[in-house]
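Visitor:
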Amino acid sequence: MADIDTAALKDNFAAVAAHGGDGVALYFYSYLFLKYPETRDMFPPSMTRQRDRLVGALVRIVTNVDKVGELVPYLEDLGRDHRKFGAVAAHYPAVGEALLATLAHFSGDDWTSELQENWTAAYGVVSGAMSGAAERVAQDEPAWWDADIINVDRRTFDIAVLKVRTNTVHPYAAGQSFSVEPSTLRPREWRLYTPANAPGGREIELHVRLIDGGPVSTALVRSAAAGDKLRLGPPFGRMMLTQDSDSPLLLIAGSTGWAPMKAMIEQVARDGGRRTHLYFGARSIREIYDRKVLEELSDRYPWLTVVIAVSDDIRWDGPRGMVGDIAAEGEWAGHDVFVCGSPAMVEATIKRLISSGVPEQRIKFEEFGEA
Amino acid sequence: MTDSAASLPDLDTVTGADLQKVTFASSKAFGHGYEQHAVDAFIDRCSAVVDHLRNRLSQQEAEIAGLRERVERDSKSNEVQHAISVLSQAQQTADKTVAQADEYSTRVMAEARDLYEDARRNAATLEQETEDKARGVYDDALARAATLEREAQDRVSQLTLTAATAQTELDSQTAYLRTLRDATRTQLEVFLEGLLDHVAGEYGRAHPMAAEAANQATPHRGRDSNLQVSPNGASSEATAIPQQPQADQSNDRSSVAGDA
Numbered sequence: 048m049a050d051i052d053t054a055a056l057k058d059n060f061a062a063v064a065a066h067g068g069d070g071v072a073l074y075f076y077s078y079l080f081l082k083y084p085e086t087r088d089m090f091p092p093s094m095t096r097q098r099d100r101l102v103g104a105l106v107r108i109v110t111n112v113d114k115v116g117e118l119v120p121y122l123e124d125l126g127r128d129h130r131k132f133g134a135v136a137a138h139y140p141a142v143g144e145a146l147l148a149t150l151a152h153f154s155g156d157d158w159t160s161e162l163q164e165n166w167t168a169a170y171g172v173v174s175g176a177m178s179g180a181a182e183r184v185a186q187d188e189p190a191w192w193d194a195d196i197i198n199v200d201r202r203t204f205d206i207a208v209l210k211v212r213t214n215t216v217h218p219y220a221a222g223q224s225f226s227v228e229p230s231t232l233r234p235r236e237w238r239l240y241t242p243a244n245a246p247g248g249r250e251i252e253l254h255v256r257l258i259d260g261g262p263v264s265t266a267l268v269r270s271a272a273a274g275d276k277l278r279l280g281p282p283f284g285r286m287m288l289t290q291d292s293d294s295p296l297l298l299i300a301g302s303t304g305w306a307p308m309k310a311m312i313e314q315v316a317r318d319g320g321r322r323t324h325l326y327f328g329a330r331s332i333r334e335i336y337d338r339k340v341l342e343e344l345s346d347r348y349p350w351l352t353v354v355i356a357v358s359d360d361i362r363w364d365g366p367r368g369m370v371g372d373i374a375a376e377g378e379w380a381g382h383d384v385f386v387c388g389s390p391a392m393v394e395a396t397i398k399r400l401i402s403s404g405v406p407e408q409r410i411k412f413e414e415f416g417e418a
Numbered sequence: 109m110t111d112s113a114a115s116l117p118d119l120d121t122v123t124g125a126d127l128q129k130v131t132f133a134s135s136k137a138f139g140h141g142y143e144q145h146a147v148d149a150f151i152d153r154c155s156a157v158v159d160h161l162r163n164r165l166s167q168q169e170a171e172i173a174g175l176r177e178r179v180e181r182d183s184k185s186n187e188v189q190h191a192i193s194v195l196s197q198a199q200q201t202a203d204k205t206v207a208q209a210d211e212y213s214t215r216v217m218a219e220a221r222d223l224y225e226d227a228r229r230n231a232a233t234l235e236q237e238t239e240d241k242a243r244g245v246y247d248d249a250l251a252r253a254a255t256l257e258r259e260a261q262d263r264v265s266q267l268t269l270t271a272a273t274a275q276t277e278l279d280s281q282t283a284y285l286r287t288l289r290d291a292t293r294t295q296l297e298v299f300l301e302g303l304l305d306h307v308a309g310e311y312g313r314a315h316p317m318a319a320e321a322a323n324q325a326t327p328h329r330g331r332d333s334n335l336q337v338s339p340n341g342a343s344s345e346a347t348a349i350p351q352q353p354q355a356d357q358s359n360d361r362s363s364v365a366g367d368a
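Chains as they are written, first to last, in the numbering used here: chain A, 48 to 418; chain B, 109 to 368.
(1) Any residues in the segment 56–85 of chain A with a beta carbon nearer than 8 Å to a beta carbon of chain B? Which ones, in chain order?
(2) With three or more beta-carbon pairs closer than 8 Å as the criterion, would you say the segment 168–183 of chain A touches the segment 211–230 of chain A?
(3) Extract the residue ranges of the beta strand (DSSP E) inside the segment 166–234 of chain B, only unbroken runs of 3 or more that lie entirely within it.
(4) I'd like to know whether the C-beta of residue 224 (chain A) is nearer than 8 Å to at least one C-beta of chain B.
(5) According to the neighbour-count rule (16 or more other Cβ atoms, all chains shown, within 10 Å of its Cβ), is residue 289 (chain B) buried or exposed?
(6) Suppose you measure from the CA of residue 368 (chain B) to the CA of residue 295 (chain B); what does that come to, to the nearest Å?
(7) Nearer than 7 Å: is that true of the beta carbon of residue 299 (chain A) relative to any heavy atom of the ligand COA?
(8) For chain B, is any of its Cβ atoms less than 8 Å away from the one on residue 405 (chain A)?
(9) Answer with buried or exposed for residue 401 (chain A), where buried requires no fewer than 16 other C-beta atoms within 10 angstroms of its C-beta.
(10) Whole angstroms is fine: what's the gap from residue 334 (chain A)'s alpha carbon to residue 297 (chain A)'s?
(11) My output table needs one value for residue 254 (chain A): the three-state DSSP class, helix, strand or coil.
(12) Could you check the C-alpha separation between residue 211 (chain A) and residue 196 (chain A) for me, to the nearest Å?
(13) Answer with buried or exposed for residue 330 (chain B), where buried requires no fewer than 16 other C-beta atoms within 10 angstroms of its C-beta.
(14) Tell me, please, which residues DSSP counts as bridged to residue 326 (chain A).
(15) Of all the CB atoms in chain A, is at least one closer than 8 Å to the CB of residue 223 (chain B)?
(16) Between A:239, A:275, A:313, A:348, which has its C-alpha nearest residue 413 (chain A)'s C-alpha?
(17) For the putative contact between residue 141 (chain A) and residue 79 (chain A), defined by C-beta atoms under 8 Å, what is the C-beta separation to the nearest angstrom?
(18) What whole-angstrom Cβ distance do residue 294 (chain A) and residue 381 (chain A) have, given they're in contact under 8 Å?
(19) For residue 130 (chain B), decide whether its Cβ has a neighbour in chain A, counting only Cβ atoms nearer than 8 Å.
(20) Taking residue 196 (chain B) as the query, report the chain A residues whose CB atoms sit under 9 Å from its CB, ordered along the chain.
(21) Mind checking whether residue 207 (chain A) and residue 172 (chain A) have CB atoms under 8 Å apart?
(22) Could you give the distance in angstroms between the alpha-carbon of residue 303 (chain B) and the alpha-carbon of residue 323 (chain B)?
(23) I'd like to confirm the pairing. Which residues does DSSP put opposite residue 388 (chain A) in its beta bridges?
(24) Could you check what DSSP says for residue 280 (chain A) in three-state terms: helix, strand or coil?
(25) Let me confirm a value: residue 217 (chain A) is counted as buried when at least 16 other C-beta atoms fall within 10 Å, else exposed. Which label applies?
(26) How many Å lie between residue 260 (chain A) and residue 222 (chain B) at the Cα?
(27) Across which residues does DSSP place residue 225 (chain A) in a beta bridge pair?
(28) Could you tell me how far apart the beta carbons of residue 369 (chain A) and residue 395 (chain A) are, in whole angstroms, since I believe they sit closer than 8 Å?
(29) Could you tell me which residues DSSP pairs with residue 198 (chain A) in its beta bridges?
(30) So with Cβ pairs under 8 Å, would you call residue 199 (chain B) a contact of chain A?
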């Protein structure tokens with residue numbers, strides 16, 4: 048951002064944000080929908096979460112406006128991701144106009160033509176990075192992938208295993224996620240899910256856990272049926288197997304955190320197999336929702352050891368306690384470590400691993416997203 | 109060059125320059141024309157006035173247009189603000205409604221989940237207790253069976269003991285009876301022989317030849333003839349009748365009677 052007065056931008060933004068981020072975002076979207084009513088259809092009826100995301104993105108961009116090296120990769124990911132909403136190059140000027148109108152409105156008498164110019168220039172850089180990235184991938188991949196639900200298997204009242212078929216192969220790597228929109232049930236609501244099988248085919252297995260009060264997870268677990276349509280976004284996330292590594296693996300999964308691990312085990316099997324320890328944790332026996340598969344895999348692959356830990360069920364004869372505590376009792380020098388589960392489980396597990404000597408940079412993790 | 113007032117452009121657009129361009133034909137009649145200079149000066153003055161008025165008119169018109177535009181813009185900006193405000197309120201209402209629905213759903217799920225977890229824990233406890241109890245009952249039954257077996261064995265061995273004792277008793281009774289039989293037989297034999305001797309003797313005294321024949325028929329009489337047969341028929345040298353064994357007789361009786 049060469050000749051932009053980034054200090055002035057930051058000050059102005061701080062002053063505007065003092066009015067309350069939610070109010071600022073509310074004005075922004077109201078202006079945008081008033082002036083460009085056709086954009087309203089790109090968003091769901093409730094805008095609470097969307098406003099939070101907008102504020103988060105703006106804060107992040109303004110904070111890093113001087114650190115171009117950090118900002119640009121973020122903007123490029125964002126731009127590529129926005130294609131799934133149907134965002135096209137023509138939308139960017141409209142958004143810029145709404146943004147400037149919002150800033151001017153909340154700045155009141157402090158709004159100057161210099162601020163107008165600086166903000167316009169800054170927005171130009173942002174939208175350029177975003178739409179440029181979107182255009183670059185446009186040749187290689189679609190904006191989204193259409194899919195149909197083939198089968199819904201409710202393993203417990205709040206965990207379901209979905210079989211989904213895409214029209215074209217999705218380019219995710221084992222361990223990565225993508226955002227999912229239940230087009231039939233909850234249009235325009237997107238949430239991140241991780242496929243539980245290795246890539247290459249058109250069939251994808253998703254493990255969905257019902258989050259209380261969450262519209263998408265509730266719909267997918269309780270209301271979804273074969274024939275419902277989905278849209279899938281581009282691949283997301285960095286928890287993947289390291290290329291050409293044959294270090295032994297330690298996989299620690301809590302509940303539906305098992306999905307990426309299952310995909311990675313399938314990938315490892317395809318690549319010839321390597322020493323793998325899988326620790327699966329659940330609160331009660333009923334929550335070992337994929338028990339048959341866990342036992343099958345353990346029998347089939349001699350290089351795989353499966354340990355199931357249950358934390359709160361007196362009927363369990365096996366290891367009892369939190370899966371992180373039980374896993375940390377082992378010796379994991381030289382292992383590649385992967386952890387996936389709820390935010391609380393991931394935090395606790397990583398803490399235990401580090402305090403038992405596992406180097407932090409060898410641990411990759413993914414947490415459950417929002418509801 | 110326009111050549112008289114009749115050809116001036118109309119009032120709305122006439123300017124000072126237009127007036128300056130007007131020419132007048134020279135008057136033909138001597139003494140009825142105007143002084144050229146006076147007319148020129150007058151035209152100058154008029155054109156200045158026209159220009160001045162024209163300028164002021166433009167200014168006023170611009171000002172009015174500006175005011176009108178401002179009024180219009182203000183009212184439109186107010187409209188825009190009003191519309192934005194209405195839209196924002198509508199959005200907030202929608203957000204609140206959805207949030208309430210989500211909260212309700214969360215509460216219901218949380219309650220259902222608590223109930224389910226309670227039920228599960230209770231079921232697990234019950235299962236555990238039942239299993240423990242069942243195992244307890246089984247262990248109990250096993251212990252009791254062992255006790256019964258032991259008691260039965262004890263009884264068997266007791267009975268065996270009793271039977272053995274009875275057998276011993278029986279054996280000694282039998283032995284006694286045999287001995288008694290033998291003794292009685294012997295006694296009888298002795299008595300009979302004594303009687304026969306007596307009869308033979310008495311008969312012999314009566315018929316000595318019959319006595320000799322009888323003597324020959326019974327060779328063992330030699331021994332018995334030593335015996336003195338008493339008149340009541342009992343031998344004084346009779347062997348004592350063995351006593352019935354007394355040992356444990358009452359005990360055996362009672363233990364036999366006691367086994368019911």
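Note that CB positions come from ideal geometry on N, CA and C, so glycine has one too.
Guide: On the basis of the coordinates in this document:
(1) Within the segment 56–85 of chain A, the qualifying residues are 73, 74, 76, 77, 78, 80, 81.
(2) Output reads no: the segment 211–230 of chain A does not touch the segment 168–183 of chain A.
(3) none
(4) No, residue 224 (chain A) lies away from the interface with chain B (no Cβ there is under 8 Å from its Cβ).
(5) Classification for residue 289 (chain B): exposed.
(6) Low confidence applies here, because residue 368 (chain B) scores a pLDDT of 42, under 50, leaving its location unreliable and the question unanswered by this model.
(7) As far as ligands go, the structure on display features none, and thus does not contain the ligand COA.
(8) no
(9) Per the 10 Å Cβ criterion, exposed.
(10) Rounded to the nearest angstrom, the two C-alpha atoms are 21 Å apart.
(11) strand
(12) 4 Å
(13) Note that residue 330 (chain B) scores 49 on pLDDT, short of 50, meaning its location in the model is unreliable and no value can be drawn from it.
(14) A:299, A:354
(15) no
(16) A:239
(17) Confirmed, Cβ separation roughly 7 Å.
(18) 6 Å
(19) no
(20) 70, 73, 74, 76, 77
(21) no
(22) 14 Å
(23) A:414
(24) Correct three-state label for residue 280 (chain A): strand.
(25) buried
(26) 15 Å
(27) A:240, A:282
(28) 7 Å
(29) A:210
(30) yes
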